[in-house]
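Residue numbers are given in the UniProt record's numbering: position 164 of the sequence shown equals residue 164, and the series is strictly consecutive.
This report concerns only the one structure given below.
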Amino acid sequence: LPARWRSELGVLYHILCHRVVGSSHKERLQSFYGAQADGYDDFRRRLLHGREQLVEAVGSRTSGGIWVDMGGGTGANLEMAGDRLVMSFARIYIVDLCGPLLQKARERCALRGWHHVVCIEADATSWMPDEGFGRIDLITFSYSLTMIPNWFDAIDHAVKLLEPNGLLGGVD
Numbered sequence: 001l002p003a004r005w006r007s008e009l010g011v012l013y014h015i016l017c018h019r020v021v022g023s024s025h026k027e028r029l030q031s032f033y034g035a036q037a038d039g040y041d042d043f044r045r046r047l048l049h050g051r052e053q054l055v056e057a058v059g060s061r062t063s064g065g066i067w068v069d070m071g072g073g074t075g076a077n078l079e080m081a082g083d084r085l086v087m088s089f090a091r092i093y094i095v096d097l098c099g100p101l102l103q104k105a106r107e108r109c110a111l112r113g114w115h116h117v118v119c120i121e122a123d124a125t126s127w128m129p130d131e132g133f134g135r136i137d138l139i140t141f142s143y144s145l146t147m148i149p150n151w152f153d154a155i156d157h158a159v160k161l162l163e164p165n166g167l168l169g170g171v172d
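Rendered as structure tokens:
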């Protein structure tokens, strides 16, 4: 079998057959996504539509401000946005509870030279940026809300983090 097919079959196996274990939400996310991290982006790109449109729609928020990608996993949204858009922000946070996916984001950022991107292993319902409440220009949720058990709390928290003219974007 070609390598791409093996990768996709491995991801499918873990989605359909792998028993998810863990007593906390974080442990369950790591159990579910850990073994799929390498093939995650390629598999999801064809499965989950709307990410490109989300990134395009929020691309006008490039005032040198701060972007938080909640549940940003591997950092694929930043790669879709491209260097010009990513580099137009003073700081970008990728916030996710899943360590294996964030490791992919760290590798992606190092490879691209995105030194102003900070990968944070934290809960979207409670994470607090260094800047505090009311200081974030853009917050995105891209296929992450459905993975957050108390996603209403995540949205409420995100709204508190936004500056008065901030933008909240989501696709799920």
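Don't be surprised by glycine CBs; every beta carbon is placed ideally from N, CA and C.
Inter-residue CB distance, residue i and residue j (contact presumed, cutoff 8 Å)
| i | j | result |
| --- | --- | --- |
| Phe-141 | Gly-71 | 6 Å |
| residue 195 | Trp-127 | Absent from the structure is residue 195, since the part of the chain shown begins at 1 and ends at 172. |
| Asp-130 | Thr-146 | So it is not a contact: roughly 28 Å between Cβ atoms. |
| Leu-29 | Cys-109 | No, Leu-29 and Cys-109 are not in contact; Cβ-Cβ is about 20 Å, not under 8 Å. |
Three-state secondary structure assigned by DSSP to residue i
| i | result |
| --- | --- |
| Ile-148 | coil |
| Asp-96 | strand |
| Asp-69 | strand |
| Arg-112 | helix |
| Glu-131 | coil |
| Arg-51 | helix |
| Arg-19 | coil |
| Leu-101 | helix |
| Gly-82 | helix |
| Leu-1 | coil |
Bridge partners - residue i, DSSP secondary structure assignment
| i | result |
| --- | --- |
| Gly-168 | Note that residue 168 is Leu in the sequence shown, not Gly. DSSP lists Ile-139 as partners of Leu-168. |
| Glu-121 | Asp-96 |
| Leu-162 | Ile-136 |
| Arg-91 | Ile-66 |
Contact under 8 Å by Cβ, residue i with residue j
| i | j | result |
| --- | --- | --- |
| Gly-64 | Phe-89 | yes |
| Ile-136 | Ile-120 | no |
| Ala-122 | Ala-154 | no |
| Leu-162 | Ile-148 | no |
6 Å Cβ shell around residue i - same chain, five flanking residues per side excluded
| i | result |
| --- | --- |
| Gly-170 | Phe-141 |
| Lys-160 | Phe-133 |
| Val-118 | Tyr-93 |
| His-157 | Thr-125 |
| Arg-112 | none |
| Asp-96 | Gly-71, Gly-72, Gly-73, Leu-102 |
Beta-carbon contacts of residue i that lie in its chain and below 8 Å, excluding the five residues immediately before and after
| i | result |
| --- | --- |
| His-115 | Cys-109 |
| Pro-164 | Gly-134 |
| Trp-151 | Leu-145 |
| His-1 | Rather than His, the amino acid found at residue 1 in this sequence is Leu. Cβ within range, chain order: Leu-9. |
| Asn-77 | Arg-51, Leu-54, Val-55, Asp-69, Thr-140, Ser-142 |
Residues near residue i by beta carbon distance below 7 Å, same chain, minus five either side
| i | result |
| --- | --- |
| Glu-79 | Arg-108 |
| Glu-52 | Met-80 |
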